[in-house]
Amino acid sequence: KAGVTQTPRYLIKTRGQQVTLSCSPISGHRSVSWYQQTPGQGLQFLFEYFSETQRNKGNFPGRFSGRQFSNSRSEMNVSTLELGDSALYLCASSLSGEENYGYTFGSGTRLTVV
Amino acid sequence: GEDVEQSLFLSVREGDSSVINCTYTDSSSTYLYWYKQEPGAGLQLLTYIFSNMDMKQDQRLTVLLNKKDKHLSLRIADTQTGDSAIYFCAESSVDSNYQLIWGAGTKLIIKP
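Structure (structure tokens):
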């Protein structure tokens, strides 16, 4: 079956712009989580969506937002981009977010802010 | 808050066994995971273990859990060049709403 698909793979934006990243989970998976990965901070949890509702949220400013659609696809939006937002953004899906076999990750979207 | 720690680098010779270690602080940890990340790629779940288990073996991978010391290890037998990657330890629990708490990752370097 198809894995977790993230688009686009690479993105270059300038400071002050906004960006939208997309994640299509594995078919049947209803939980989608987003992570930011940087060399300095490692993997940091952004938020999790389940059945179109944000269920958990990490410690990121309000510039970071997301949503989930009825088909479980999720989008993440970052407004007023800062240089420090340059990172690999990873999306992960699971059936319900509570299984014992972990999450399946996409290949990520590498965002560069210049 | 909860914390997961790993050493940043491990260097082994091709054909030897690699042992990557991880310690965690959350005493309510329910599930513990090992993920692998190759350059430019996402994270691949390698294996996981329940907190009520001591050991799990899956082909070349052996996971050992010492719950008393909150220590988790991943042994890779007969390490190959294709095992070069960053290995992340992560844990989750009911208390954390099953959100993954991640270590910083251990970069495995294979020497010929």
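Sequence lines, in order, name chains P and X.
Just so you know, the first sequence maps onto residues 1 to 114 in the numbering used here.
Just so you know, the second sequence maps onto residues 115 to 226 in the numbering used here.
Positions of the beta carbon are idealized from the N, C-alpha and C atoms, including for glycine.
When secondary structure is reduced to three states using DSSP, residue 195 of chain X falls in the helix class. The beta carbon of residue 208 of chain X is closer than 8 Å to those of 142 and 144 in its chain, skipping five residues each way along the sequence. Among the residues of chain X, those whose CB is under 9 Å from the CB of residue 107 of chain P are 154, 155 and 156, following chain order. Contact between the region 116-128 of chain X and the region 163-178 of chain X is absent, with fewer than three C-beta pairs closer than 8 Å. For residue 148 of chain X, no Cβ of chain P is located within less than 7 Å of the residue's own Cβ. With fewer than 16 other Cβ atoms from the protein chains shown falling within 10 Å of its own Cβ, residue 27 of chain P counts as exposed. DSSP places residue 156 of chain X in the coil class of the three-state scheme, outside both helix and strand. DSSP, read as helix, strand or coil, puts residue 83 of chain P in helix. Around the beta carbon of residue 121 of chain X, fewer than 16 other beta carbons lie within 10 angstroms, which makes this residue exposed. In the displayed model, residue 150 of chain X falls within a strand according to three-state DSSP. Interface with chain X (7 Å Cβ-Cβ cutoff): residue 42 of chain P is included.
For the options X:217, X:133 and X:162, the alpha carbon positioned closest to that of residue 193 of chain X is the one of X:133. Judged by DSSP in its simplified three-state form, residue 75 of chain P adopts strand. Sorting X:218, X:206 and X:223 by C-alpha distance to the C-alpha of residue 147 of chain X places X:206 at the top. Annotation for residue 66 of chain P: 34, 46, 47, 49, 54, 74, 75, 76 and 77 place their beta carbon closer than 8 Å to its own, counting only its chain and skipping 5 residues before and after. Contact with chain X is found for residue 56 of chain P, since one of that chain's Cβ atoms lies less than 7 Å from the residue's Cβ.
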